[in-house]
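Respectively, the protein sequence lines represent chains L and U.
Be aware that the first sequence starts at 0, since it is given in numbering that gives the first Met the number 0, and climbs by one per residue.
Be aware that the second sequence starts at 0, since it is given in numbering that gives the first Met the number 0, and climbs by one per residue.
Idealized CB from N, CA, C, for every residue including glycine.
Note that the structure is a prediction, hence the values are computed from the model and not measured.
To keep things clear, I will list the structure first and then write my remarks on it.
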Amino acid sequence: MGVVSMNILPSILILLVTLLTVFAQAALPGFRPWFGAQVDLLPALMIYTALASNLALVTGVAVIGSLAFDALSANDLGVTLLPLFAVGLIIYSRRDLILREQVFAQFVLGGLASLLVPTGTLLLMLSAGQKPLLGWGTLWQFVVMTLGGAVATPLLFGLFSFLNQFLGYKPVTQSSFRPDREIRRGRN
Amino acid sequence: MLKKPHYIAVGVVVLLALVLLNLPPKASTRLKLAIGSIFLPLFGLAGGAQQATSATADAITPRGELLRQNETFRRENQQLKILLMQAQENAKADARLREQFGRLKAAQWKLKLAHVLSRDPANWWRSVSIDLGSRDGIRADLPVLTADGLVGKVTSVSFDRSQVILLGDPNCRVSALIENQTRDQGIVGVAGAPFDGSLVQMEYLARSAANNIKPGQRVVSSGEGGVFPKGIPIGTIADTRPAESGMFLQAQVKLSANLSGLEEVWVLFP
């Protein structure tokens with residue numbers, strides 16, 4: 000019970016940040032006025048979740064994030080779910096081999112995920128007969144999304160590290176004092 | 000490699016994705032709007048914060064600047080009043096002539112102001128959501144515009160929110176005509192330039208019109224197609240070139256409305 004209650008705060012934080020991320024992407028112009036494309040932060044968030052959390056949360060972030068994203072977009076509902084979950088599952092199943100503390104590893108994984116998730120989403124939409132706005136500009140948008148996601152991933156790791164330290168339990172520090180070794184002084 | 004919980008998670012997600020992707024369009028739209036309404040309090044907060052910021056900016060604007068703006072608006076208002084008088088007189092004459100020739104009276108446009116809540120987070124669509132819904136009488140396919148020109152049309156409507164698909168999106172096509180001597184007609188369709196969101200393509204122009212179409216000519220809705228009334232400004236011709244098939248002419252149109260900076264739009268009830 001104790002373990003569950005200790006683990007629930009980071010999970011709630013991740014789900015909350017997932018929803019806020021989607022909201023921010025829709026409500027704020029972000030990098031759109033400068034670079035002509037909005038950076039998608041869900042893949043970066045999925046990388047963090049897959050490396051730092053459990054499978055249930057990977058599934059939760061994929062479901063909640065993709066449904067929220069598709070609901071605020073003209074995408075078909077559920078079209079982002081499979082690519083996002085697939086990236087999360089691959090990273091999760093291989094996370095023992097990944098140097099997750101390394102900023103470079105986070106950067107590369109974030110960039111790859113930010114490239115693969117929109118590509119998978121677009122392929123699914125095209126196979127379903129949708130006609131999204133594609134052209135030479137799409138290549139530039141992918142560059143912006145990949146670089147944006149790559150840069151955002153280490154920042155997300157930093158953010159969650161700060162939030163977990165700030166809101167979570169403080170680690171118990173081991174004291175060098177041992178009561179059984181105390182020298183008792185006094186008169187006999 | 001994969002363990003039992005992995006297979007369970009994959010099964011759940013695949014099943015959910017299949018169910019969602021195979022929902023009937025109406026149910027899918029309703030579900031989307033219902034999920035999107037979770038964010039309404041956040042949009043309200045964001046709107047409130049924006050208003051507070053603009054109120055603060057108003058409060059610190061120097062009095063001299065406000066007086067100057069006031070004078071400009073007063074002059075503009077007087078000009079518009081005079082133009083309105085002329086337009087009203089023209090409308091009366093138009094109605095009289097229509098009556099004499101037994102034609103239907105032209106209906107007067109009704110407009111409703113809407114605030115833009117959010118933009119499409121996906122880069123491959125051009126859409127926004129607005130704060131008017133079915134409770135305000137909004138329905139699908141109503142034209143949306145600003146004072147500068149046409150913006151797009153309503154695609155899906157919930158009780159208090161609607162999605163507007165913008166010009167340049169592949170799903171928003173407008174029958175349009177060029178205000179030149181030959182009144183050449185075409186279809187305003189997808190975005191025209193990779194890095195410039197203000198350009199859209201006008202397609203299916205007759206090849207014979209090549210000499211009549213010049214940069215700077217105004218493009219307005221033609222009224223055909225039944226969605227957009229005739230005469231709404233769309234933009235101006237930027238350039239022309241033959242279409243890839245060689246059968247038609249293609250023109251780039253610079254949009255009148257600034258679609259990347261939309262904050263308030265008008266929904267038109269024709």
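task = Could you run through the segment 159 to 181 of chain L and flag, in chain order, every residue whose CB is less than 8 Å away from some CB of chain U?
result = none
query = For the segment 4 to 22 of chain L, which residues have a beta carbon sitting closer than 7 Å to at least one beta carbon of chain U?
reply = Val21, Phe22
task = Report the rounded CA-to-CA distance for Ile7 of chain L versus His5 of chain U, giving the unit in angstroms.
result = 21 Å
query = At which residue ranges does the segment 57 to 140 of chain L contain complete alpha helix (DSSP H) runs of 4 or more residues, listed in the order of the chain?
reply = 80 to 92, 102 to 126
ask   = Which two residues bound the contiguous beta strand (DSSP E) that contains Met201 of chain U?
value = 198 to 205
key: beta strand (DSSP E) segment containing Phe247 of chain U, residue limits   = 247 to 254
inquiry  = Counting only Cβ pairs nearer than 8 Å, list the residues of chain U close to Leu81 of chain L.
reply    = Val12, Val13, Ala16
request  = Along the alpha helix (DSSP H) that carries Asp238 of chain U, what are the first and last residues, could you check?
outcome  = It is not in any alpha helix (DSSP H) - Asp238 of chain U instead sits in the beta strand (DSSP E) that spans 232 to 241.
message = Does Ser117 of chain U come out as helix, strand or coil in the three-state DSSP assignment?
response = strand
query = Any heavy atom of the ligand NAP closer than 8 Å to the CB of Ala104 of chain L?
reply = Although the ligand NAP was asked about, the structure shown includes no ligands whatsoever.
ask   = How many whole angstroms separate the CB atoms of Leu110 of chain U and Arg160 of chain U, which I take to be in contact at a CB cut-off of 8 Å?
value = Wrong, their Cβ atoms sit about 19 Å apart, outside the cutoff.
task = Please determine, among U:Thr239, U:Leu144, U:Val219, the residue with the shortest C-alpha to C-alpha distance to Leu261 of chain U.
result = U:Leu144
Minimum C-alpha distance to Thr333 of chain U - residue among U:Ser220, U:Ser255, U:Gly185, U:Ser259 = Summary: the structure shown does not reach residue 333 of chain U, with chain U confined to residues 0 through 269, and so no result is reported for it.
inquiry  = With a threshold of 8 Å on Cβ separation, who are the neighbours of Gly136 of chain L within its own chain once the five nearest residues in sequence on each side are excluded?
reply    = Gly35
key: C-alpha gap between Gly167 of chain L and Leu108 of chain L, whole angstroms   = 26 Å
inquiry  = Which residues in chain L have a C-beta closer than 8 Å to the C-beta of Trp124 of chain U? List them in chain order.
reply    = Ser72, Ala73, Asn74, Pro131, Leu132
message = Can you pull the chain U neighbours of Gln37 of chain L, defined as C-beta to C-beta under 7 Å?
response = Pro120, Asn122
request  = Would you please verify whether the beta carbon of Gly148 of chain L is less than 9 Å from any beta carbon of chain U?
outcome  = no
inquiry  = Considering only their Cβ atoms, is the gap separating Ile231 of chain U from Leu267 of chain U smaller than 9 Å?
reply    = yes
query = Quick one: is Leu254 of chain U buried, meaning 16 or more other Cβ sit within 10 Å of its Cβ, or exposed?
reply = buried
message = One question on the structure: do Val60 of chain L and Leu76 of chain L come within less than 9 Å of each other, judged by their Cβ atoms?
response = no
ask   = How many Å lie between Ala310 of chain U and Gly148 of chain L at the Cα?
value = Here chain U has residues from 0 to 269 only, and residue 310 of chain U is not among them.
query = Between U:Arg62, U:Glu243, U:Ala237, which lies nearest to Arg206 of chain U when the distance is taken from Cα to Cα?
reply = U:Glu243
task = Kindly list the residues whose CB is nearer than 6 Å to the CB of Leu98 of chain L, restricted to its own chain and excluding five residues on each side of it in sequence; keep chain order.
result = Ala104
query = Using the rule of at least 16 other Cβ atoms within 10 Å of the residue's Cβ for burial, across every protein chain shown, is Leu88 of chain L buried or exposed?
reply = buried
inquiry  = Taking the straight line between their C-alpha atoms, what separation do you get for Thr28 of chain U and Ala146 of chain U?
reply    = 30 Å
ask   = Any Cβ of chain U within less than 9 Å of the Cβ of Phe156 of chain L?
value = no
query = Any beta-carbon of chain L closer than 9 Å to the one on Phe158 of chain U?
reply = no
query = My guess is that Gly29 of chain L and Val38 of chain L are in contact by the Cβ rule of under 8 Å, so how many angstroms apart are they, rounded?
reply = 6 Å
ask   = What does Asp168 of chain U touch in chain L if you count any residue whose Cβ is under 7 Å from its own?
value = Leu132
key: Near-chain L residues of the segment 140 to 156 of chain U (beta-carbon distance less than 8 Å), N- to C-terminal order   = Thr154
task = Apply the 10 Å Cβ neighbour rule to Pro178 of chain L and answer buried if 16 or more other Cβ atoms are within range, or exposed otherwise.
result = exposed
query = By Cβ distance below 7 Å, which residues in the same chain neighbour Ala127 of chain L in space, the five residues on each side in sequence not counted?
reply = Asp75
message = Mapping the DSSP letters down to three states, classify Ser128 of chain U as helix, strand or coil.
response = strand
request  = Might you give, ordered along the chain, the residues of its own chain that have their beta carbon closer than 7 Å to the beta carbon of Arg94 of chain L, omitting 5 neighbours on each side?
outcome  = Ala49, Leu50
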